[in-house]
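For our numbering, add 94 to where a residue sits in the sequence shown, where the first one is 1. Before any comments, here is the structure.
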Amino acid sequence: MSPAIHTLPLGVANAFILKDQGTVLVDCGPPKKVDAFIKQLSAARIEPQDIRLIIITHGHWDHIGSAAQIKQMTGAKILMHQKERKWLEDLYAAPPQGVGGWGRFLAKTMAAVMTPFIHVQSARVDIGFDADELSLEPYGIAGRIVYTPGHTAGSISVLLDSGEAVVGDMAMNSLPMRFSPGLPVFAEDLTQLIASWRMLLSQDVQTIYPSHGGPFSPDVMRRAVS
Ligand SMILES: [Zn+2]
Ligand SMILES: [Zn+2]
95 MSPAIHTLPL GVANAFILKD QGTVLVDCGP PKKVDAFIKQ LSAARIEPQD
145 IRLIIITHGH WDHIGSAAQI KQMTGAKILM HQKERKWLED LYAAPPQGVG
195 GWGRFLAKTM AAVMTPFIHV QSARVDIGFD ADELSLEPYG IAGRIVYTPG
245 HTAGSISVLL DSGEAVVGDM AMNSLPMRFS PGLPVFAEDL TQLIASWRML
295 LSQDVQTIYP SHGGPFSPDV MRRAVS
C-alpha cells in the first residue's frame, strides 16, 4: 500500500501527514497554529502520539513556527538539515532572498512588516540530516528524504515510492507569491535550486505537493527548468 498524504493547511503554509505502517509529519506551520493542527489531526483520525518523526523541510518561520509545541505534544523526534538546525535551536533567522522584481518586493515587505510579529519558540533538533538521501523505511513509510538545496542551503524534500513529492518551498503555488505553480519567489541560490529540480525530476515523480498552495503536475516544473 502506498502512504496516504493528508494536507494540513496551517495559515499561510501547509503541513503534511504521511501515513502508512507508520506516521510522519512534514513541517510545522507558522507560530500559534497548534489548535488548528490538533483539529485537523483529529479530523484525519490521527493521534498525536502516532507521529514518530517530524521532518522540517527548511528553517523559515512559516515551517518551524509551531514545532516546539508540536514536538512536546507528540513526543516525536525532529529531523532537519544539519546546516539549518540552528534556525530552530537558536532561532537564527536568515532574511528571505527575493527572486525577480516581485520576489524582491515581497522579501523586503516581509522583513519590514512581518518580522516583529513572529514569535517562534526554539526546540531541539534530534536528527541533523547531512546526506543525499535517507530511507523512511524505519519509520514505516515507503519513501525517502532527499537533499534538495536552493531555496535555502539546507532544504530537503520527501519523495514517496508512489511518486508523490513533498517539496517544501522548492515550488510555490499560491498568492501573494505566485498566480500559478512554478519556482519559488524566494531562493538563496537559484542555480542550485534548478539543479535540485533536475535531480528530483529524473526520479519517478507523479505529483508535487508544495507548502504554499495545492498539488500540481511535475510537467510544470519540467517546463520551468528546461
Ligand atoms: Zn521558505
Ligand atoms: Zn514557506
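We put the CB at the ideal spot given by N, CA and C, even for glycine.
For Pro278, the CB falls within less than 8 Å of some heavy atom of ligand 1. Proximity of the beta carbon of His152 to ligand 1 is indicated: a heavy atom of the ligand is located closer than 8 Å. For Asp298, the closest alpha carbon among the candidates Ile239, Gln115, Leu254 is that of Leu254. Thr117: member of the beta strand (DSSP E) spanning 117-120, first to last residue.
Beta-bridge partners assigned by DSSP to Ile149: Val120, Leu173. Annotated three-state conformation of Met315 is helix, per DSSP. In the DSSP secondary-structure assignment, Met266 is bridged to Gly276.
Taking non-hydrogen atoms of ligand 2 into account, the C-beta of His175 is found less than 8 Å away from none of them. Looking at the backbone, the Cα of Leu102 and that of Ser320 are separated by about 31 Å.
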